[in-house]
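Here's the structure, in C-alpha cells; my notes come after.
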Amino acid sequence: MIGFFPEIYEDELLYSLLCRYYQRTGYTKYIFAVDDLFMRRTVHPVIEWVNEYSPDAMDHITKRTDFETVVRNHTMFPAYTRFLPKERRNAALHSLLVCDGNYYNLVVNQKVKHKRFLRYCPICAAEDRERYGETYWHREHQIVHLDICPKHRCRLVDSTVPIRSKTTPGLFPAETEVPFGEEPVLCINERLVDFGRYVLEIFREPVDMESDVPIGSFLQSMLDETYVSGSGAKVYSTRLYEDYSDFFREICEPMNFESFRKIYNNYSLDHYQIYQLAYFQGLTAKELARRPITLVNTAMEELYRDIGEVYGIDYKTVYQIGETVISKYRNLGKVSRKSGPKQRAWAELDEKYLPRVREIVNRIYFSDGNPGRVYVTRVEREIGAPAKQFQKLPKCTKYIRDHMETTNEYRARRVAWAVWLFQKEGRYLSRNTLNHFLNFRKNDLMACSPYIKDSKVRDVVMALLAE
Ligand SMILES: [Zn+2]
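Adding 31 to a residue's 1-based position in the sequence shown gives its number in the working numbering.
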C-alpha cells in the first residue's frame, strides 16, 4: 500500500519519480518498493519508457493528469517517435499507454557507439538541490547525441547507472548518484551550443500524430531552390551533400553520403541525422514538428505515375513533360502577378530585410577571424524568417548569392586567412599543420589552391604542396 507519493518535477523521467518514491519510503530492500509499484516482482524498471504498474501506483501517477500526458512529458517518447510513419507512431503511443512493452519494437533505435548511462548536468543538479532540496533525472539530459546542457553550455556527465541494463534491475535516485560540487566543463563551440538548443527546441515540441508525410520527402519538399529542379522532383544531391558537410564540419563530424541519401529517400529514421539536415536547411523546430498532413509534391509524382500507366509512357518522360509545362506556366504567372497586392507586400519585406541581410552577410563573409561561408538558410535563420520566404525576396537573395562560394572558393579563403594568421603569430607552417588547423582532408588543399586570390599566399601554398 502506497502511503506518501512524491509529485513529479518538470521534465522528470517517470523512472526518476519511482526512484524518489523508493528513497522516501526508507525501505531496507528494493523488492518492497517493487511490490508497491509494479505488477511483477521480476520487473526490470525501464528508464526511458514505462513498465506495468500496480493499480495503486497507477492511481498516484495519474492523480493530477492523464497517462498520455505522463507518457508525452515524462518519458523519452518525443526523442524516438517523432519521425516514424503515422501508423507506427500511433501504434507506439498506444503500446506505451497500455504498457504492453511492444513499443520497444516500434520506436527508433538510435545508433550509439558507446554504452549509455543516465546523465546529468552538474549545474542543473546544483540548482535542483537549491530549489527542491534534491535533484532528479531530467529527460532533456538523456537525448542521444545531445552531449551538452544548452541551458548552461556545459558537458553532460555520465552517472554509473546504465540505461539499458539487463543485469541489475534497480531504482537509483539521482540524489544519491549525482556527486556534490562537481566542476562543470564548459563547451566553447558556439555553433555546437546553438545546434544543441535547436535539438532541444524540437524535443520540446509536442509529437504530432496526424502527419502522414514521410520525413525524408518532407525535408526534400523544403529544400532551397538551389538544390532542386523546377518541378521539385529532382534533387541535386552531390551539391547538397557537399554544402551540408561544409556547414556541419564546424559543429560535428558530418554523416557519410550513404546515410545522408537514406534520410532523403525515406530509408532511415535516425532522429539525430534528421535534426542535422533540418538545421542545415534552416527549418524552424515548429516547421519540423508540425508537418503538413500530406504533401503536394508527392501527389504530383503520383499523378505522373498514373498518367504514365494510363498512356503507356515511362515515368521519366511524363515527368520531363510535366516539368517543362509547370516551369513555363510558373513563369507566365510571375509576369501577370507582378503588380498585385501580395507582390507589393513581398517587395516591402524585401526592402525591410535588406540592410540586415547585408549586415549579416558581411559579418559572416568579411569576419576578421575564421571566414564564414554564406548560405541562404544561414541568413534566413539569423533573421528569423520562415524557410523558403527568401525565395520571394529578390534583392535579399541576390545580395546573399553574390557572396556565395563553391566549396573550393570558400576553402581558398580560409587558407589565405590561416596562412596570414600563422605568419602573424610566427607559428611553424607546414602542409600538415595547415591541414590540421583547417580540418582539411588529404586533397583539400591541392583542390582549392587555384582559387587562392592573393598571389603571395598562393606561392606559399604551392611551396608547401611541393615539399
Ligand atoms: Zn544545466
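We put the CB at the ideal spot given by N, CA and C, even for glycine.
Cβ pair residue i, residue j closer than 8 Å
i: Asp87; j: Asp67; result: yes
i: Leu300; j: Met253; result: no
i: Arg150; j: Pro181; result: no
i: Phe114; j: Ile305; result: yes
i: Cys50; j: Phe148; result: no
i: Leu223; j: Ile179; result: yes
i: Ala447; j: Ile483; result: yes
i: His75; j: Pro200; result: yes
i: Ile282; j: Phe226; result: yes
i: Ile194; j: Ile78; result: yes
i: Arg184; j: Leu217; result: yes
i: Asn297; j: Pro372; result: no
i: Val81; j: Thr106; result: yes
i: Leu12; j: Arg462; result: Since the first residue shown for the chain is 32 and the last is 498, residue 12 is missing from the structure and cannot be characterised.
i: Leu452; j: Leu495; result: no
i: Cys130; j: Tyr58; result: no
i: Arg72; j: Ile62; result: yes
i: Thr93; j: Val102; result: no
i: Cys427; j: Val491; result: no
i: Leu128; j: Phe98; result: yes
i: Leu231; j: Leu177; result: yes
i: Phe279; j: Gln307; result: yes
i: Glu436; j: Arg412; result: no
i: Tyr40; j: Tyr163; result: yes
i: Val349; j: Ile338; result: yes
i: Lys117; j: Asp243; result: yes
8 Å Cβ cutoff, residue i in contact with chain D
i: Asn104; result: Absent from the structure: chain D. Only one protein chain is present.
Run of the alpha helix (DSSP H) containing residue i, from where it starts to where it stops
i: Phe148; result: Element bounds for Phe148: not the alpha helix (DSSP H) but the beta strand (DSSP E), Phe148 to Tyr151.
i: Met493; result: Ser486 to Ala497
i: Cys50; result: Leu45 to Thr56
i: Cys479; result: Asp475 to Cys479
i: Gln64; result: Here residue 64 is Ala; the residue named in the question, Gln, does not match the sequence. That run of the alpha helix (DSSP H) goes Tyr61 to Leu68.
i: Cys427; result: Pro425 to Asp433
i: Asn104; result: Phe98 to His105
i: Val388; result: Pro372 to Phe397
i: Ser242; result: Premise fails: Ser242 is in no alpha helix (DSSP H) and is neither H nor E.
i: Leu250; result: Ile246 to Ser252
i: His91; result: Pro86 to Ile92
i: Asn136; result: Tyr134 to Leu137
i: Pro109; result: Phe108 to Thr112
i: His125; result: Lys117 to Val129
i: Gln312; result: His302 to Gln312
i: His530; result: Only positions 32 to 498 of the chain appear in this structure, which leaves residue 530 out of reach.
i: Arg228; result: Glu221 to Arg235
i: Ile414; result: Val407 to Ile414
i: Phe35; result: Careful: Phe35 lies outside any alpha helix (DSSP H) and carries neither H nor E.
i: Phe279; result: Ser268 to Arg280
i: Tyr441; result: Thr438 to Lys455
i: Leu465; result: Arg462 to Leu469
i: Ile294; result: Phe288 to Tyr295
i: Lys317; result: Ala316 to Ala320
i: Glu206; result: Ala205 to Glu208
Element boundaries [beta strand (DSSP E), containing residue i]
i: Ser190; result: Val188 to Pro193
Integer-rounded CB distance, given that residue j should sit under 8 Å from residue i
i: Val266; j: Tyr295; result: 7 Å
i: Leu385; j: Tyr342; result: About 48 Å; that fails the 8 Å criterion.
i: Phe36; j: Tyr52; result: 6 Å
i: Ile324; j: Glu256; result: Going by Cβ atoms, the distance from Ile324 to Glu256 rounds to 24 Å, so no, they are not a contact pair.
i: Arg322; j: Phe249; result: 5 Å
i: Ser268; j: Arg292; result: 6 Å
Any non-hydrogen atom of ligand 2 within 7 Å of residue i CB
i: Thr59; result: Here the bound small molecules are ligand 1; ligand 2 is not part of this structure.
Give every residue whose Cβ lies closer than 6 Å to any heavy atom of ligand 1, listed in chain order.
Cys152, Ile154, Cys155, Cys180, Lys182 and His183
For the segment 168 to 175 against the segment 40 to 48, do three or more pairs of beta-carbon atoms, one drawn from each stretch, fall closer than 8 Å, so that the two count as touching?
yes
Could you check whether the segment 153 to 163 touches the segment 263 to 281, counting it as contact only if at least three pairs of C-beta atoms, one from each stretch, sit closer than 8 Å?
no
Can you confirm whether the segment 206 to 216 touches the segment 187 to 197 when touching is taken to mean that 3 or more C-beta pairs between the two stretches lie within less than 8 Å?
yes
Three or more C-beta pairs under 8 Å: does that hold for the segment 465 to 472 against the segment 440 to 454?
yes
How about the segment 393 to 408 and the segment 307 to 323: do they share at least three Cβ pairs that are nearer than 8 Å?
yes
Give a yes or no on contact between the segment 414 to 432 and the segment 376 to 393, applying the rule of three or more CB pairs nearer than 8 Å.
yes
Taking contact to mean 3 or more Cβ pairs, one atom from each stretch, closer than 8 Å, check whether the segment 384 to 403 and the segment 349 to 357 are in contact.
no
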